[in-house]
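Which chain is which? The protein sequence lines are A and B, in order. For this note's numbering, add 348 to where a residue sits in the first sequence, where the first one is 1. For this note's numbering, add 348 to where a residue sits in the second sequence, where the first one is 1. Structure record follows, encoded as structure tokens.
Protein chains: 2
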Amino acid sequence: MASEDDRIEIDIEIDRDAGFVGDYLLYLLAAASDAASADFHAHVREQGLRVPEWRILACLCDEDGQMVTQLAQLALMEQSHLTKIVDQMATKGLVKRRSDERDRRRVRVYLTAAGRVLGTGLVKKAREHEMSIVSRLGATDAARLKAALKDIHAICRGGDDAAGRASSAPAELEASLS
Amino acid sequence: MASEDDRIEIDIEIDRDAGFVGDYLLYLLAAASDAASADFHAHVREQGLRVPEWRILACLCDEDGQMVTQLAQLALMEQSHLTKIVDQMATKGLVKRRSDERDRRRVRVYLTAAGRVLGTGLVKKAREHEMSIVSRLGATDAARLKAALKDIHAICRGGDDAAGRASSAPAELEASLS
DNA sequence: GCGATTAATATGAATTCGCATATTTTTCCC
DNA sequence: GGGAAAAATATGCGAATTCATATTAATCGC
């Protein structure tokens, strides 16, 4: 019962011919997004922020005083979730709410001074981090990649709001799409 | 106090010059991934599956009997989360566990007949859906995009396990990287 | 071979997230 | 202008997700 078969059995099957997922666009997008973000997200957490908070800060640095729904779409999260995160950020003193004068249903979210400082710093870091990836990928390929990603986004939107034009579209992504 | 100023004030600012997020690689990746997946994920849920379950099915269709940790990496989720989802899927009769004979710490996850049927069907649907996106994007651009995404993944991995080679790497993505 | 260390998975508590819906304000239509 | 329909946000609750750690098995050093 002792030493019958001590060969090391290699059970790691390297199937280079891939299967399905290894070349599936939706998987590649998710995997690339995850992998690319891991580094920076770790940095964000070191700053005492969670990822959704960072996203909101970044969006507000781009355009302060956005509406809740607008911001949620842009930050890729649900409205009710964004509302809750804004609560927390307000408690932390990073943002403040103010209801829109013209339409008092709307609530606009503004950066506080502290929020702007933190956000600006992180945006700078994010740019540096992005540059390090872009340089490793090559500037040309990176530019092509970005263009393709914008195309994908433009093509695939409509599952949400069926060819939703006008007011709800996250402005930044509309631009430069051809 | 009645009609002082009824002009419709356009408060939607279309800033085509983008800000930061509109051209930030990590944002574009996340946004594209979200947008591209929305459709199909809706279909998955209509089949009574949640997205993580679909991911696991797909991975097992590619290679049955994977280890828990392996599977978690491949399916882009945490190990403890995967364990719980496998519990549920086992209850539903989609997968079954069997401990590895050589190393009884390891638990391998296998598809049941029902799981394979469901998974195979969804993979087929996923291929069709992917093709519809690829055709709208253009075959050449799509191929370039996939290559770039694989590059990104290869470049950015290392935040997790510092240049992790060998056994832990999700085989499919290693392949065809140059 | 025996104890210490490491690997693989599971478990439990705390948090986040998402869905359905309530609430408040505005717009539309008559 | 008054009530019904719509829009924007908030709330409550259940499920999903994470984090820290427990548990079990294998490997390494002596």
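The beta carbon of each residue, even a glycine, is placed where N, CA and C say it ideally should be. This structure is a prediction, so every number in the text was calculated from the model and none was measured.
- Judged by DSSP secondary structure, A/LYS432 falls within the alpha helix (DSSP H) whose first and last residues are 427-440.
- The straight-line gap separating the alpha-carbon atoms of A/GLU411 and B/LYS472 is approximately 42 Å.
- A/ALA423 places its beta carbon less than 8 Å from that of A/ARG403.
- For B/TYR375, the three-state secondary structure derived from DSSP is helix.
- Around the beta carbon of A/LYS494, 16 or more other beta carbons sit within 10 angstroms, so the residue counts as buried.
- At a cut-off of 8 Å between beta-carbon atoms, A/GLY367 makes contact with chain B.
- When the Cα atoms are used, A/ARG492 and A/SER385 turn out to be separated by approximately 19 Å.
- Closest in C-alpha terms to A/ARG484, from the list B/ILE500, B/GLY486 and B/CYS409, comes B/ILE500.
- Secondary-structure assignment with DSSP links B/LYS444 through a beta bridge to B/TYR458.
- The beta carbon of B/THR468 sits closer than 8 Å to the beta carbons of CYS409 from its chain, once the five residues preceding and following it are set aside; these are given in chain order.
- Contact annotation, A/LEU430 with A/LEU419: C-beta distance approximately 6 Å; criterion of less than 8 Å satisfied.
- The criterion of a C-beta distance shorter than 8 Å is satisfied by A/VAL457 and A/GLY413.
- Shown here, A/GLN395 sits in coil according to DSSP, grouped into three states, outside any helix or strand.
- Non-local beta-carbon contacts of B/LYS444 in its own chain, meaning distances under 7 Å to residues more than five positions away in sequence, involve ALA438, TYR458 and THR460 in chain order.
- Legend: CB atoms of the region 479-510 of chain B lying less than 8 Å from CB atoms of chain A belong to residues ILE481, VAL482, ARG484, LEU485, ASP489, ALA490, ARG492, LEU493, LYS494, ALA496, LEU497, LYS498, ASP499, ILE500, HIS501, ILE503, CYS504, ARG505, GLY507 and ASP508.
- Neighbours of A/VAL471 across chain B, judged by C-beta separation under 7 Å: PHE368.
- The Cβ atoms of B/ASP387 and B/HIS477 sit closer than 8 Å to each other.
- In the DSSP assignment, A/MET415 forms a beta bridge with A/ARG456.
- In this model, B/ARG393 and B/LYS440 are separated by some 15 Å (Cα to Cα).
- Excluding sequence positions up to five before and after A/GLY463, its CB lies within less than 8 Å of the CB of LEU405, LEU408, MET437, GLY441, LEU442 and VAL443, all in the same chain and listed in chain order.
- Proximity to B/VAL465 across B/ARG452, B/LEU377, B/ALA379 and B/GLN395 peaks at B/GLN395, based on C-alpha coordinates.
- Against chain A, the beta carbon of B/TYR372 has neighbours under 7 Å at ALA474 and GLU478, listed in chain order.
- Here B/TYR375 has VAL369 as same chain residues with Cβ atoms under 7 Å from its own Cβ, once five neighbours each way along the sequence are excluded.
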